[in-house]
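In UniProt numbering, the protein residues as written are 1 to 205.
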């Protein structure tokens, strides 16, 4: 059973996370590789755009669910800018707290986030995996990095058949601080490349 502190965070974000799939208009297609397409759109008053990655991936549903929830080590390896991606606390079998920190890169200093990573089975063949931001945690490493605003980090996985899974991934991350616009605009494309590496990894599981 998730403790009150975390259940309040998860429940307060639930409807907002689910509503992402109801955004039907104003998506601009940015890039397509294989069957996965990257889109972006303006969300509320954020300067950083909301990004969506969507398509039918040639991966097993259960393996994809396991990977995106459990396999932090492989996810770290598939993200070149990732310096740390660690579990700080296990809440229950469907939720734990994670710490994520990027490497410093040229003129851009390191960033970090603290989130509750949790999964929710929406039906027999559909799972949502979400990262909901928290303010602090007693086990968080000491760092001089700048804390980002992780507004959304949500993946919806739906089983099509044994070897095909429909994937929708939504991300809105405000890096804060002073960052060159060209770097900010390149962040979603690097995430897209990481997602493609994730899917290649899952195919080999």
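We treat Cβ as the ideally placed atom computed from N, Cα and C, and that holds for glycine.
Fair warning: this is a prediction, and the values are worked out from it, not measured in the lab.
{"Query": "Alpha carbon to alpha carbon, how far is residue 125 from residue 4? Give it in angstroms, no decimals.", "Result": "28 Å"}
{"Query": "Using DSSP's beta-bridge definition, name the partner residues of residue 111.", "Result": "146"}
{"Query": "Only counting the same chain, and skipping five residues up and downstream in sequence, which positions put a Cβ closer than 6 Å to that of residue 63?", "Result": "202, 205"}
{"Query": "Name, in chain order, the residues that DSSP records as bridge partners for residue 137.", "Result": "Partner(s): none; residue 137 has no beta bridge."}
{"Query": "Jot down the residue ranges of each uninterrupted beta strand (DSSP E) in the segment 155-201, minimum 3 residues, whole runs only, in chain order.", "Result": "164-174"}
{"Query": "Terminal residues of the continuous beta strand (DSSP E) containing residue 40?", "Result": "36-41"}
{"Query": "Suppose the cutoff is 7 Å on Cβ atoms and the five residues either side in sequence are ignored; what does the same chain contact list for residue 78 look like?", "Result": "194, 197, 198, 201"}
{"Query": "To which residues does DSSP link residue 121 through a beta bridge?", "Result": "127"}
{"Query": "For residue 156, I'd like the list of residues in its chain whose CB is within less than 6 Å of its CB, leaving aside the five on either flank, ordered along the chain.", "Result": "128, 168"}
{"Query": "List the DSSP bridge partners of residue 52.", "Result": "39, 170"}
{"Query": "Under a Cβ-count criterion, where at least 16 other Cβ atoms within 10 Å of its own Cβ denotes burial, should residue 175 be classed as buried or exposed?", "Result": "buried"}
{"Query": "By Cβ distance below 7 Å, which residues in the same chain neighbour residue 150 in space, the five residues on each side in sequence not counted?", "Result": "113, 115, 131, 133, 173"}
{"Query": "Between residue 160 and residue 143, what straight-line distance do the alpha-carbon atoms span, to the nearest angstrom?", "Result": "42 Å"}
{"Query": "Label residue 20 either buried or exposed according to how many other C-beta atoms from any shown protein chain fall within 10 Å of its C-beta, with 16 as the threshold for buried.", "Result": "buried"}
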